[in-house]
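Residue numbers (our numbering): 1 to 213.
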Amino acid sequence: MAAPELSFIHHFEPGPAAAVPVLLLHGTGGDENALLPFGRLVAPGHALLSPRGKVLEQGKARYFRRFAEGILDEDDVRARAVELADFVAAAQAVHDLPPPIAIGFSNGANIAAAMLFLRPAALAGAALLRPMMPLAKPPVSDLGGKRVLIVSGADDPVMPAGDDERLARQLRLSGAVVRSEILPRGGHDLCAEDEGVVAAWMARLSRAASGRS
1 MAAPELSFIH HFEPGPAAAV PVLLLHGTGG DENALLPFGR LVAPGHALLS
51 PRGKVLEQGK ARYFRRFAEG ILDEDDVRAR AVELADFVAA AQAVHDLPPP
101 IAIGFSNGAN IAAAMLFLRP AALAGAALLR PMMPLAKPPV SDLGGKRVLI
151 VSGADDPVMP AGDDERLARQ LRLSGAVVRS EILPRGGHDL CAEDEGVVAA
201 WMARLSRAAS GRS
């Protein structure tokens, strides 16, 4: 039987079967290489799957369309979240992987959040860096205790005020175990504090998975 076709340009780095794979989802203007250094730092030794968004906005890659900054095309969000979930499933079959943990930044965090609501089985959990609520009325899905980390910047000029809290509440309603962090000196860009927070969160997940406290 032929291997499933992988529909996104992407980068893949293999890792040991005992370590949950990581899905890296870049922000606007990134590509399949943008988050690789971050992923290698916060999840050393894990398999990394990093797709490039298919939507172009003034030549910059994204995962879904928007009408203006902060105003999302929700029909496209829904369609693209399902499309990305299908890609992840196909990549799992090709590389013999379990569902990954997503690490998404900005636009990548938003599409990961949409996947949690619309295709919860596609992800084992997610670290959402500078996310906003991707859907005005997201469905209550069954996240069954999946771990989700939300990291916001106190001085972020891009994200709508309170969106991180609304997202956290909705994820908890769907059964996720949510940890929220606000970086007191953080803006919208990733910084060294993000690396430390996500690395510690990933290490806790690895210890829990192995039965160590």
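Idealized CB from N, CA, C, for every residue including glycine. The model shown is predicted, which means the values in this text are computed figures rather than measured ones.
* To do: Name, in chain order, the residues that DSSP records as bridge partners for ILE150.
  => BP columns for ILE150 point to LEU128, SER180.
* To do: Give the secondary structure of GLU13 by DSSP, where H, G and I count as helix, E and B as strand, and everything else as coil.
  => Reduced to three states, the DSSP call for GLU13 is strand.
* Enumerate in chain order the residues of its own chain whose CB-to-CB distance from PHE87 is below 7 Å, with the five nearest sequence positions on each side excluded. => Contacts found: LEU6, SER7, PHE8, PRO51.
* To do: Output the distance between the C-alpha atoms of ALA81 and ALA203, rounded to the nearest integer angstrom.
  => Distance between the alpha carbons of ALA81 and ALA203: 27 Å.
* DSSP state of ALA122 mapped onto helix, strand, coil -> Looking at ALA122 - three-state DSSP - the assignment turns out to be helix.
* Excluding the 5 residues preceding and the 5 following PRO157 in the sequence, name in chain order all residues of the same chain whose CB lies nearer than 8 Å to its CB. => Excluding sequence neighbours, PRO157 sits near GLY187, HIS188.
* **Pairwise C-alpha distance: CYS191 and ASP96** => Those two C-alpha atoms are separated by around 33 Å.
* Asked: By DSSP, does SER206 sit in helix, in strand, or in coil?
  -> DSSP, read as helix, strand or coil, puts SER206 in helix.
* Distance, GLU32 Cα to HIS10 Cα -> In this structure, the straight-line span from the alpha carbon of HIS10 to that of GLU32 is close to 5 Å.
* Can you check whether the CB of PHE105 is closer than 8 Å to the CB of LEU49? -> The answer is no: Cβ separation not under 8 Å.
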